[in-house]
Ligand code: FES
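Residue numbers (this note's numbering): 1 to 157.
1. Kindly indicate which three-state DSSP category residue 164 falls into: helix, strand or coil?
2. In chain order, what residues of the same chain lie with their CB nearer than 7 Å to the CB of residue 148, ignoring the 5 residues before and after it?
3. Please report the residue range of the alpha helix (DSSP H) in which residue 13 lies.
4. Could you tell me the alpha carbon to alpha carbon distance between residue 91 and residue 84, rounded to whole angstroms?
5. Name the one or two DSSP bridge partners that residue 135 has.
6. Roughly how many angstroms lie between the CA atoms of residue 24 and residue 72, to the nearest whole one?
7. Which of the three DSSP states, helix, strand or coil, is assigned to residue 70?
8. Could you tell me which residues DSSP pairs with residue 111 in its beta bridges?
9. Take residue 153 and list the residues in its own chain whose beta-carbon comes closer than 7 Å to its own, dropping the five residues that flank it on each side.
10. For residue 34, does the three-state DSSP call read helix, strand or coil?
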């Protein structure tokens with residue numbers, strides 16, 4: 001299968017041609033799809049999107065760096081977002097953070113060596129009375145206790 005670095009070009013072709021009809025105005029939506037597919041926007045994808053949509057690479061790059069939702073560095077298959085907002089902090093978020101960092105053997109902002117997880121902190125997930133709260137991919141875990149962390153992580157392969 002055709003590859004540009006770590007990007008599956010056939011998949012990108014299908015996405016850009018069939019779903020967005022090579023429309024340059026769909027740039028943000030294309031980048032959203034790429035980010036969702038890879039959990040980040042690979043360099044090869046930026047170049048390919050620029051070619052396919054006939055947009056200067058500099059513009060594609062500036063859009064990709066403008067939106068915080070787009071990540072330009074590789075991220076793990078599962079994204080762990082731990083809330084460290086005030087309400088969760090008061091309810092013991094830092095204990096859970098310490099446990100997560102110990103279990104994953106990484107610090108906040110890092111990927112595990114096997115690229116299974118990325119560990120990030122966020123300021124609020126929107127369910128403050130249920131803290132401490134962690135989100136893994138689309139799953140939210142509330143009232144998390146330290147001794148539940150490893151069991152929760154086991155669910156994600
Ligand atoms: S402060 Fe943690 S969910 Fe709002």
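We treat Cβ as the ideally placed atom computed from N, Cα and C, and that holds for glycine.
On the basis of the data shown:
1. Residue 164 lies beyond the range of the chain shown here (1 to 157); nothing can be said about it.
2. Counted from its first residue, the chain shown places residue 148 at position 148. Excluding residues within five positions, none has a Cβ falling inside 7 Å.
3. Within the chain shown, the letter at position 13 stands for residue 13. Residues 9 to 13.
4. Reading the chain shown from its first residue, position 91 is the one you call residue 91. Reading the chain shown from its first residue, position 84 is the one you call residue 84. Cα to Cα, the separation comes out at about 10 Å.
5. Start at 1 with the first residue of the chain shown, and residue 135 comes out as number 135. Residue 135 pairs with 81 and 140.
6. The residue given as residue 24 occupies position 24 in the chain shown. The residue given as residue 72 occupies position 72 in the chain shown. Spanning the two alpha carbons is a distance of roughly 20 Å.
7. By 1-based counting over the chain shown, the position of residue 70 is 70. The answer is coil: DSSP assigns residue 70 none of H, G, I, E or B.
8. On the chain shown, position 111 is the one that residue 111 refers to. Note: residue 111 sits in a beta bridge opposite 118.
9. If you number the chain shown from 1, residue 153 lands on position 153. Excluding sequence neighbours, residue 153 sits near 103.
10. Along the chain shown, one-based indexing puts residue 34 at 34. In this structure, residue 34 counts as helix in the three-state DSSP scheme.
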